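Read through the structure below, which is laid out as structure tokens, and then see the notes.
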Amino acid sequence: MIDRPWQKINGIVERGHQVASGSALDSPYPVGTIEMQMPFFQALGLDLSGYFPGTLNVSISPRTFQLIKPEFTFRQVEWTDRHPPEDFSFSQCWVSFQGFAYDGWIYYPHPETKKRNFQAPSTMELIAPQIPGIKDTCRVEIEYNPLEVAIT
Numbered sequence: 309m310i311d312r313p314w315q316k317i318n319g320i321v322e323r324g325h326q327v328a329s330g331s332a333l334d335s336p337y338p339v340g341t342i343e344m345q346m347p348f349f350q351a352l353g354l355d356l357s358g359y360f361p362g363t364l365n366v367s368i369s370p371r372t373f374q375l376i377k378p379e380f381t382f383r384q385v386e387w388t389d390r391h392p393p394e395d396f397s398f399s400q401c402w403v404s405f406q407g408f409a410y411d412g413w414i415y416y417p418h419p420e421t422k423k424r425n426f427q428a429p430s431t432m433e434l435i436a437p438q439i440p441g442i443k444d445t446c447r448v449e450i451e452y453n454p455l456e457v458a459i460t
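Residue numbers (my numbering): 309 to 460.
Laid out in structure tokens, this is it:
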């Protein structure tokens, strides 16, 4: 098999539901869903301890994406007693902002197992380190593995 080079797509940071980070005032998860999920992902083989415990939501509209062969897929993760177990997939990525590149993960909670806080098919949720100066409406470039992620 021949390795294909990673591909890049531009996007715009958009405000999310703020449940992943626990910033939403009405969130039932005060510490945020990502922080609650991290120990479960680590036990399954994905260590996210060096990353910000929230998601960076990036719109690639009008394009959409699909994880076709993600590096990790975890099924039936029982991370809370507030709803049934969920499925999650992850694909490694890089986020470039203001001349710096940050390693990260495309975080994909499978919508068929989610109860609420759905994302548009053009919105990528990324887990990355804290990125200085980044905020809503900032332009970023995402580098992704086309063997794992399809963008149409």
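Note that CB positions come from ideal geometry on N, CA and C, so glycine has one too.
Computed from a predicted model, the values in this text were never measured in an experiment.
Delimiting residues of the beta strand (DSSP E) encompassing residue i
| i | result |
| --- | --- |
| Ala409 | 408 to 417 |
| Ile459 | 457 to 459 |
| Lys316 | 315 to 321 |
| Ser369 | Taken as a continuous stretch (DSSP letters only), Ser369 belongs to no beta strand (DSSP E), as it is neither H nor E. |
Nearest neighbour of residue i, chosen from the options [CA to CA]
| i | options | result |
| --- | --- | --- |
| Phe405 | His391, Gln315, Trp314, Gly319 | Gly319 |
| Thr341 | Tyr415, Gly353, Ser367 | Tyr415 |
| Phe398 | Asp389, Arg383, Phe408 | Arg383 |
Opposing strand residues paired with residue i [DSSP bridges]
| i | result |
| --- | --- |
| Phe503 | Coverage of the chain is limited to positions 309 through 460, which leaves residue 503 absent and any answer about it impossible. |
| Ser404 | Ala409, Glu449 |
| Gln374 | Ala458 |
N- and C-terminal bounds of the alpha helix (DSSP H) containing residue i
| i | result |
| --- | --- |
| Thr341 | 341 to 351 |
Three-state class that DSSP yields for residue i in the structure shown
| i | result |
| --- | --- |
| Glu433 | strand |
| Pro440 | coil |
| Thr421 | helix |
Whole-angstrom distance between residue j and residue i, CA atom to CA atom
| i | j | result |
| --- | --- | --- |
| Trp387 | Thr421 | 13 Å |
| Val457 | Phe349 | 20 Å |
| Gln400 | Thr372 | 17 Å |
| Lys377 | Asp355 | 19 Å |
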